[in-house]
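Student:
2 protein chains.
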Amino acid sequence: MIIAVDAMGGDFAPAEVIRGAVEAVREEGVEIILVGPEKIIEEELNKHHYPSDRISIANATEIIGMNEHPATAVRRKRDSSLMVAAQLVKKGKASALISAGNTGAQMAASLLVLGRLAGIERPGIATILPSPKGPRVLIDSGANVDTRAVHIVQFAYLGKTYAESVLGIANPRVALLNVGGEPNKGSESVREAYRILEGAEKINFVGNIEGRDLLTADVDVIACDGFVGNVVLKTAEGLAMNLVAMMKNRLRKNPFRMLGGILVRPALKEIFSDFDYTEIGGAPLLGVQGISIICHGSSHARAIRSAIRTASRAVKGDLVGRISKALNLEDNTQ
Amino acid sequence: MIIAVDAMGGDFAPAEVIRGAVEAVREEGVEIILVGPEKIIEEELNKHHYPSDRISIANATEIIGMNEHPATAVRRKRDSSLMVAAQLVKKGKASALISAGNTGAQMAASLLVLGRLAGIERPGIATILPSPKGPRVLIDSGANVDTRAVHIVQFAYLGKTYAESVLGIANPRVALLNVGGEPNKGSESVREAYRILEGAEKINFVGNIEGRDLLTADVDVIACDGFVGNVVLKTAEGLAMNLVAMMKNRLRKNPFRMLGGILVRPALKEIFSDFDYTEIGGAPLLGVQGISIICHGSSHARAIRSAIRTASRAVKGDLVGRISKALNLEDNTQ
Chain A
537 MIIAVDAMGG DFAPAEVIRG AVEAVREEGV EIILVGPEKI IEEELNKHHY PSDRISIANA
597 TEIIGMNEHP ATAVRRKRDS SLMVAAQLVK KGKASALISA GNTGAQMAAS LLVLGRLAGI
657 ERPGIATILP SPKGPRVLID SGANVDTRAV HIVQFAYLGK TYAESVLGIA NPRVALLNVG
717 GEPNKGSESV REAYRILEGA EKINFVGNIE GRDLLTADVD VIACDGFVGN VVLKTAEGLA
777 MNLVAMMKNR LRKNPFRMLG GILVRPALKE IFSDFDYTEI GGAPLLGVQG ISIICHGSSH
837 ARAIRSAIRT ASRAVKGDLV GRISKALNLE DNTQ
Chain B
537 MIIAVDAMGG DFAPAEVIRG AVEAVREEGV EIILVGPEKI IEEELNKHHY PSDRISIANA
597 TEIIGMNEHP ATAVRRKRDS SLMVAAQLVK KGKASALISA GNTGAQMAAS LLVLGRLAGI
657 ERPGIATILP SPKGPRVLID SGANVDTRAV HIVQFAYLGK TYAESVLGIA NPRVALLNVG
717 GEPNKGSESV REAYRILEGA EKINFVGNIE GRDLLTADVD VIACDGFVGN VVLKTAEGLA
777 MNLVAMMKNR LRKNPFRMLG GILVRPALKE IFSDFDYTEI GGAPLLGVQG ISIICHGSSH
837 ARAIRSAIRT ASRAVKGDLV GRISKALNLE DNTQ
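Residue numbers (the numbering used here), protein chains in the order written: chain A, 537 to 870; chain B, 537 to 870.
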């Protein structure tokens, strides 16, 4: 299996991206094509020992910046590392694309080059939320705003298929994120999505969950509009980071607290490893004709390696084929 | 100043509500009318020493349950503690209404009995977010779904006036909650709200903030749709509760950790006091012709007392008068 990695995408590219790719080749048994300016990649690669028959370079002369306008950037920079990586997947030279660069540009490139799956109007980003009760899929976590009921229903099907084929969850429990538990709660689109999912036979729909149940509810997939999903994810991320920073500050105040801090550190590490996105590594854009894994902009090598593992599982689990099948089987999604 | 308190609303009513009212009478210098079945309230009041000239009872024979349908409940139960409390404000016998009961019913009762302010289509709930950088107002935190740009702009003005007149913040910085910082980011309604606020002269609009900046951005007021606000608040609440529960569990595992837990407890207490909603006590429904403070369903006495303090500040700060004035001065809100 060959995976195309955008070597120039992300806050710590190319060094950390390439380091992650080298680790993945050793540990995940995949082959990697690093995409970007040949000289820069070669120079970085030379810092590592790696099996040279399993890492190759695809030259790309341009780079899309983190703040470039997505649609404009992918149209103008056809020879960017991102676009060339997408083309490798389109041409069948790679089975998946990974990038930690401009998320909007990656969505635009995936739509433009790979195309939508038949029946899908708006592909969604599926993010895995680690929780004490095990992983759960939040979809859409930011690809779409102003979604209608039909889109949210499609997110439910996309998320369900992802949970089955990549996480190995049988008959995943699917919920809607809402402001209350009752079917009549929430916005018009979510209420209509509820009615459609309630009547659907091929999906294990378990109703609404609220924000406070995100990590504790007995569900496997949570479907929502991308505006809501994005704000929720970033709020959780911000809150967790804040709490850690505040704790560090307060524990420095006196020697008793510092000792206490040392003694509780293993417990804190256990807790934060449950929430560690570097272990999750990337969120696929579901609903396109290929596997496109979006990584956090601040991904270090470990997150890149995890994303490559996610990509490899998605390929082995025939994620795209299964999604097509699920959509064909279920008229309710359209 | 007289404040009407729904004695029967909330998970711990009437005992904790009445205890909170008794404390507030002593400490906040207000007079209280407790509203509910006379006998039940008298019995509960008799457990306390209190200045009997400053607490009275308004009899109400009915109670609206936490899960009753709001609109139906307020129409049918005219003699409920909530409706009678709202009537006291309407008739000028009390300056504010406080309840920890059914939130939807309180909104419905406030709209039905007090009425909207001229120019306001959809009143919004303003919740104070405690943060290390000081309090900030999130509006709407759940009264409205499917809001249009004009509503979000009105939330901005309502929140700004609340920050000025109750929190005492001069020229509050107002932001929109969005999926990115750029003006062209987000849903149609948020993008249009951005354009309107950007051109408004009477408001200190500072742009978009993302979920991760909720507690750290240099802003005083954050305006958003009520669906988003509700999910975000509940997510933050759920995450914080989860972290505390997980920490307690992991710290019980061995004696070193238990000792560590004891040593770090003061630091944790300091942190959580920054986030303590019982210190905030209630969120006003802004945009109605009167002061209606919504308390968390699980409010204990301390939260009720804080809510009464909030109500008292809102009355002293002429919150409703100032909002009317702000709306008249600013054509952009309509």
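Beta carbons: idealized from backbone N, C-alpha and C, even for Gly.
Reducing DSSP to helix, strand and coil, say where leucine 653 of chain A ends up.
Tutor: In the first sequence, residue 653 of chain A corresponds to position 117, counting from 1. It is coil, neither helix nor strand.
Student: Does DSSP put serine 635 of chain A in a helix, in a strand, or in coil?
Tutor: To locate residue 635 of chain A, count along the first sequence from 1; it is residue 99. Strand at serine 635 of chain A.
Student: Tell me, to the nearest whole angstrom, how far the beta carbon of valine 755 of chain B is from that of valine 742 of chain B; I am working on the premise that it is less than 8 Å.
Tutor: Residue numbering aside, residue 755 of chain B sits at position 219 when the second sequence is read from its first letter. Residue numbering aside, residue 742 of chain B sits at position 206 when the second sequence is read from its first letter. Indeed, because the Cβ distance is near 6 Å, the residues count as touching under 8 Å.
Student: Cα-Cα, which of A:Arg786, A:Gly546 and A:Ser616 is closest to arginine 801 of chain B?
Tutor: If you number the second sequence from 1, residue 801 of chain B lands on position 265. Nearest of A:Arg786, A:Gly546 and A:Ser616 to arginine 801 of chain B, Cα basis: A:Arg786.
Student: Show which residues of chain B have a CB atom less than 8 Å away from the CB atom of isoleucine 807 of chain A.
Tutor: Here residue 807 of chain A is taken as the residue at index 271 of the first sequence, counted from 1. The answer, in chain order, is Leu779, Met782, Met783 and Arg786.
Student: Would you call the region 538-546 of chain A in contact with the region 565-582 of chain A, where contact means no fewer than 3 C-beta pairs closer than 8 Å?
Tutor: Enough Cβ pairs lie closer than 8 Å, so yes.
Student: If you draw a straight line from the alpha carbon of threonine 697 of chain B to that of alanine 654 of chain A, how long is it in whole angstroms?
Tutor: The residue you call residue 697 of chain B lines up with position 161 of the second sequence. The residue you call residue 654 of chain A lines up with position 118 of the first sequence. In a straight line, the C-alpha of threonine 697 of chain B is about 50 Å away from that of alanine 654 of chain A.
Student: List, in order along the chain, the chain B residues whose C-beta lies closer than 7 Å to that of serine 723 of chain A?
Tutor: Sequence index remark: in the first sequence, residue 723 of chain A carries index 187 (1-based). By Cβ distance, chain B contributes Val681, Asp682 and Phe763.
Student: For methionine 782 of chain B, tell me which candidate among B:Gly797, B:Asn603, B:Phe792 and B:Met602 has the shortest Cα-Cα distance.
Tutor: Position 246 of the second sequence, counted from the start, is the residue given in the question as residue 782 of chain B. Here the closest residue by C-alpha is B:Gly797.
Student: Do we get a CB-CB distance below 9 Å when we pair glycine 545 of chain B with the residues of chain A?
Tutor: Here residue 545 of chain B is taken as the residue at index 9 of the second sequence, counted from 1. Glycine 545 of chain B does not count as touching chain A.
Student: Rank A:Ala551, A:Glu724, A:Gly826 and A:Ser834 by C-alpha distance to the C-alpha of glycine 857 of chain A and give the top, closest one.
Tutor: Indexing the first sequence from 1 puts residue 857 of chain A at position 321. Closest by alpha carbon: A:Gly826.
Student: Any C-beta of chain B sitting closer than 9 Å to the C-beta of valine 767 of chain A?
Tutor: Translated into positions along the first sequence, residue 767 of chain A becomes position 231. For valine 767 of chain A, the answer is yes, since a Cβ of chain B falls inside 9 Å of its Cβ.
Student: By Cβ distance, which residues of its chain are closer than 7 Å to alanine 644 of chain B, with the 5 residues on each side in sequence left out?
Tutor: Translated into the one-based positions of the second sequence, residue 644 of chain B becomes position 108. Closer than 7 Å at the Cβ level, and outside the excluded window around alanine 644 of chain B, lie Pro606, Ala607 and Val610.
Student: Does the region 645-664 of chain B touch the region 728-740 of chain B, meaning 3 or more C-beta pairs lie closer than 8 Å?
Tutor: Short answer: they don't touch.
Student: Would you be able to state if there are at least three C-beta pairs under 8 Å between the region 544-559 of chain A and the region 828-848 of chain A?
Tutor: The answer is yes - the region 544-559 of chain A touches the region 828-848 of chain A, with three or more Cβ pairs under 8 Å.
Student: Quick one: which residues of the region 613-627 of chain A get their C-beta closer than 9 Å to a C-beta of chain B? List them in chain order.
Tutor: Those would be none; no residue qualifies.
Student: In whole angstroms, give me the CA-to-CA distance for alanine 594 of chain B and valine 620 of chain B.
Tutor: On the second sequence, position 58 is the one that residue 594 of chain B refers to. On the second sequence, position 84 is the one that residue 620 of chain B refers to. The straight-line gap from Cα to Cα measures roughly 8 Å.
Student: Taking only the alpha-carbon atoms, compute the straight-line gap between alanine 847 of chain A and threonine 752 of chain A and give it to the nearest angstrom.
Tutor: Locating residue 847 of chain A in the first sequence gives position 311, where the first residue counts as 1. Locating residue 752 of chain A in the first sequence gives position 216, where the first residue counts as 1. Straight-line Cα distance between these residues: approximately 27 Å.
Student: Let me check one thing: in DSSP terms, what residues is serine 828 of chain B bridge-paired to?
Tutor: Locating residue 828 of chain B in the second sequence gives position 292, where the first residue counts as 1. According to DSSP, which records beta bridges pairwise, serine 828 of chain B is partnered with B:Leu633.
Student: Looking at chain B, is there any beta carbon in it that lies within less than 9 Å of the beta carbon of valine 847 of chain A?
Tutor: Stepping through the first sequence from its first residue, residue 847 of chain A is reached at position 311. The residue you asked about is not valine; residue 847 of chain A is alanine in the sequence shown. It does not: the Cβ of alanine 847 of chain A has no partner Cβ on chain B nearer than 9 Å.
Student: Since leucine 703 of chain B and cysteine 760 of chain B are thought to touch, with beta carbons under 8 Å apart, how far apart are those beta carbons, to the nearest angstrom?
Tutor: Walking along the second sequence from the start, residue 703 of chain B turns up at place 167. Walking along the second sequence from the start, residue 760 of chain B turns up at place 224. The pair is not a contact, with the Cβ atoms about 18 Å apart (cut-off 8 Å).
Student: State buried or exposed for threonine 869 of chain B, treating a residue as buried only when at least 16 other CB atoms are found within 10 Å of its CB.
Tutor: As a position in the second sequence, residue 869 of chain B is number 333, starting the count at 1. Low per-residue confidence applies at threonine 869 of chain B: pLDDT is 46, beneath 50, and the placement is therefore not dependable, though the value from the model is reported in the following sentence. Label assigned to threonine 869 of chain B: buried.
Student: Return the residues of the region 722-747 of chain A that lie within a Cβ-Cβ distance of less than 7 Å from chain B, sorted by chain order.
Tutor: Of all residues in the region 722-747 of chain A, Gly722, Ser723, Glu724, Glu746 and Gly747 have a Cβ within less than 7 Å of some Cβ in chain B.
Student: Skipping 5 residues on each side, what residues in its chain have a beta carbon closer than 6 Å to that of isoleucine 568 of chain A?
Tutor: Residue mapping note: residue 568 of chain A aligns to position 32 of the first sequence, counting from 1. Hits under 6 Å: Ile539, Val541, Ala557, Val561 and Ile591.
Student: Name the one or two DSSP bridge partners that glycine 572 of chain A has.
Tutor: Residue 572 of chain A sits at position 36 when you count from the first residue of the first sequence. DSSP, once it has assigned bridges, lists A:Asn595 as partnering glycine 572 of chain A.
Student: Go to arginine 562 of chain A, then tell me how far its alpha helix (DSSP H) extends in each direction, as first and last residue.
Tutor: For this step, residue 562 of chain A is matched to residue 26 along the first sequence. Note, arginine 562 of chain A: alpha helix (DSSP H), 551-563.
Student: Any idea if histidine 687 of chain B is buried or exposed, counting beta-carbon neighbours within 10 angstroms, 16 or more meaning buried?
Tutor: Locating residue 687 of chain B in the second sequence gives position 151, where the first residue counts as 1. Buried, since its Cβ has 16 or more Cβ neighbours within 10 Å.
Student: Kindly give me the distance between the Cβ atoms of arginine 788 of chain A and leucine 799 of chain B, rounded to whole angstroms, as I take these residues to be in contact under 8 Å.
Tutor: As a working mapping, residue 788 of chain A is identified with position 252 in the first sequence. As a working mapping, residue 799 of chain B is identified with position 263 in the second sequence. The Cβ separation is near 13 Å, so there is no contact.
Student: Return the Cβ separation of alanine 772 of chain B and threonine 639 of chain A in integer angstroms, given the expectation that the two are a contact with Cβ distance under 8 Å.
Tutor: Within the second sequence, numbered from 1, the residue matching residue 772 of chain B stands at position 236. Within the first sequence, numbered from 1, the residue matching residue 639 of chain A stands at position 103. Not really, about 23 Å apart at Cβ, beyond 8 Å.
Student: Taking only beta-carbon positions, decide if aspartate 754 of chain B is within less than 9 Å of chain A.
Tutor: The sequence position of residue 754 of chain B within the second sequence is 218, counting from 1. It does not; no Cβ of chain A falls within 9 Å.
Student: Is any beta-carbon of chain E found at less than 9 Å from that of isoleucine 675 of chain B?
Tutor: Judged by its chain identifiers, the structure shown contains no chain E, and its protein chains are A and B.
Student: What are the residues of the region 643-674 of chain B that lie near chain A, defined by any Cβ-Cβ distance shorter than 7 Å?
Tutor: Those would be Pro668, in chain order.
Student: Give the residues of chain B in contact with threonine 771 of chain A, contact being defined as C-beta atoms less than 8 Å apart.
Tutor: Taking the first residue of the first sequence as 1, we reach residue 771 of chain A at position 235. What threonine 771 of chain A touches in chain B: Gly747, Arg748, Leu750, Val768, Thr771 and Ala772.
Student: Alanine 776 of chain A touches chain B at which residues, Cβ-Cβ below 9 Å?
Tutor: Counting from 1 along the first sequence, the entry for residue 776 of chain A is found at position 240. Under the 9 Å cutoff, chain B gives Leu775 and Leu779.
Student: Counting only C-beta atoms, is alanine 759 of chain B closer than 9 Å to chain A at any point?
Tutor: For the purposes of this step, residue 759 of chain B is identified with residue 223 of the second sequence, where counting begins at 1. No, alanine 759 of chain B lies away from the interface with chain A (no Cβ there is under 9 Å from its Cβ).
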